[in-house]
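Engineer:
Following this line, the structure appears as structure tokens:
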């Protein structure tokens, strides 16, 4: 397993959280803490770059779902970018792929965000 690295880049209208490594039951709590810190500071529009995510288990998916719910509760949104590998398969197998707005890559997510195309709260 590769240790999870979490990098947060704040932009005027949204934040990009880049994940590198493996997201599992050991690394899910620090990721949840990072999201809580963002939300506490009022950063409720979040793009999660999963391009370099090597592994993801149900603990990781749970953190992503919970964070998406929390952003919606605060009139924000969450987008996933670069979904592939373990995360992509897990979202397909669980039927959760349709629950997340997913973009091909961060550039597409940035375009969507810059154009104000977040996901409505009522989604």
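Residue numbers (the numbering used here): 1 to 123. Don't be surprised by glycine CBs; every beta carbon is placed ideally from N, CA and C.
Expressed to the nearest angstrom, what Euclidean distance is found between the alpha-carbon atoms of residue 97 and residue 91?
Structural biologist: Those two C-alpha atoms are separated by around 5 Å.
Engineer: Can you check whether the C-beta of residue 2 is within less than 8 Å of a C-beta belonging to chain C?
Structural biologist: Included in the structure is just one protein chain, with no chain C present.
Engineer: Do you know offhand how far residue 111's Cα is from residue 25's?
Structural biologist: Those two C-alpha atoms are separated by around 32 Å.
Engineer: Only counting runs of 4 or more residues, tell me where the alpha helix (DSSP H) segments fall wholly within the segment 33 to 97, in order along the chain.
Structural biologist: The qualifying runs are 58 to 73, 85 to 94.
Engineer: Thinking C-beta only, is residue 88 closer than 8 Å to residue 54?
Structural biologist: No; because the gap between Cβ atoms is not below 8 Å, this pair is not in contact.
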